[in-house]
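Contents: one structure, followed by commentary.
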Amino acid sequence: MRQEAQDNGCGDCGNAYNARMGTTWLRQSGAVAILAVHAVPRAAADAVQGLHGDALKIRLNAPPVDGKANEALISFLAGKLRVSKSSMVLKSGFSQRRKIVAVSGLPTAEIQKRLLGQGQGGTTL
Numbered sequence: 027m028r029q030e031a032q033d034n035g036c037g038d039c040g041n042a043y044n045a046r047m048g049t050t051w052l053r054q055s056g057a058v059a060i061l062a063v064h065a066v067p068r069a070a071a072d073a074v075q076g077l078h079g080d081a082l083k084i085r086l087n088a089p090p091v092d093g094k095a096n097e098a099l100i101s102f103l104a105g106k107l108r109v110s111k112s113s114m115v116l117k118s119g120f121s122q123r124r125k126i127v128a129v130s131g132l133p134t135a136e137i138q139k140r141l142l143g144q145g146q147g148g149t150t151l
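In our numbering, the protein residues as written are 27 to 151.
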């Protein structure tokens, strides 16, 4: 899993997409999709819980110790999205529940579909 200490200038990228699609937890920045995640460690099982404000709530069985929850988050997302772990970067939130994850090679519409089981239309479960 790669980690970067700073955002590479994504800034307000994707705001037009978010306004059209009603999605604040997911935006496109060039060829990279940016996900806002609210991670809940020490859950009974790994699962997408739904939306938590402007982030996607993901429950993780791993404890928040020594980066185990971060590793579990990347592994879980890679499995759900059917991409390699190397195509994902934890951009921020290394020791917080609120995390920003960048995913290369997958459009936002497909990410939304794979994580929420929906197309472009909505964001509720």
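Backbone N, C-alpha and C fix where the C-beta goes; we use that ideal spot for every residue, glycine too.
Note that the structure is a prediction, hence the values are computed from the model and not measured.
(message) If distances are taken between C-alpha atoms only, which option among 133, 138, 52, 132 comes closest to residue 81?
(response) Here residue 81 is taken as the residue at index 55 of the sequence shown, counted from 1. Residue 81 has its Cα closest to that of 52, out of 133, 138, 52, 132.
(message) In whole angstroms, give me the CA-to-CA distance for residue 129 and residue 66.
(response) By one-based count along the sequence shown, residue 129 stands at place 103. By one-based count along the sequence shown, residue 66 stands at place 40. Each residue's Cα considered, the two are about 20 Å apart.
(message) Along the chain, where does the alpha helix (DSSP H) containing residue 122 start, and where does it finish?
(response) Sequence index remark: in the sequence shown, residue 122 carries index 96 (1-based). That residue, residue 122, is in no alpha helix (DSSP H); it is neither H nor E in DSSP.
(request) Below 7 Å CB to CB, which residues in the same chain sit around residue 109 once its five sequence neighbours on both sides are set aside? (result) Translated into the one-based positions of the sequence shown, residue 109 becomes position 83. Excluding its 5 nearest sequence neighbours in each direction, residue 109 has C-beta neighbours in its own chain below 7 Å: 129, 131, 132, listed in chain order.
(message) Is it the case that the segment 117-124 contacts the segment 98-107, given that we only count it when at least three CB pairs across the two stretches are under 8 Å?
(response) For the pair of segments examined, the segment 98-107 was found not to touch the segment 117-124: the number of CB pairs separated by less than 8 Å stays below three.
(message) For residue 91, count the other beta carbons within 10 Å of its own beta carbon; 16 or more makes it buried, fewer makes it exposed. Which is it?
(response) The residue you call residue 91 lines up with position 65 of the sequence shown. Exposed, by the Cβ-count rule.
(message) Using only the alpha-carbon positions, how far apart do residue 138 and residue 69 sit?
(response) Locating residue 138 in the sequence shown gives position 112, counting from the first residue. Locating residue 69 in the sequence shown gives position 43, counting from the first residue. Each residue's Cα considered, the two are about 22 Å apart.
(message) When you compare the CB positions of residue 63 and residue 142, do they come within less than 8 Å of one another, or not?
(response) Residue 63 sits at position 37 when you count from the first residue of the sequence shown. Residue 142 sits at position 116 when you count from the first residue of the sequence shown. Result no, Cβ atoms of residue 63 and residue 142 do not sit closer than 8 Å.
(request) Could you check if residue 57 is buried or exposed, using at least 16 other CB atoms within 10 Å of its CB as the buried criterion? (result) The count along the sequence shown starts at 1 and reaches residue 57 at position 31. With fewer than 16 other CB atoms across the displayed protein chains lying within 10 angstroms of its CB, residue 57 is exposed.
(request) Can you give me the start and stop residues for the alpha helix (DSSP H) that residue 101 sits inside? (result) Your numbering for residue 101 matches position 75 in the sequence shown. 94-107 is the span of the alpha helix (DSSP H), which, as asked, contains residue 101.
(request) Going by CA-CA distance only, name the one from 104, 77, 113 that's closest to residue 124. (result) The sequence position of residue 124 within the sequence shown is 98, counting from 1. When each option's Cα is compared against that of residue 124, the closest is 77.
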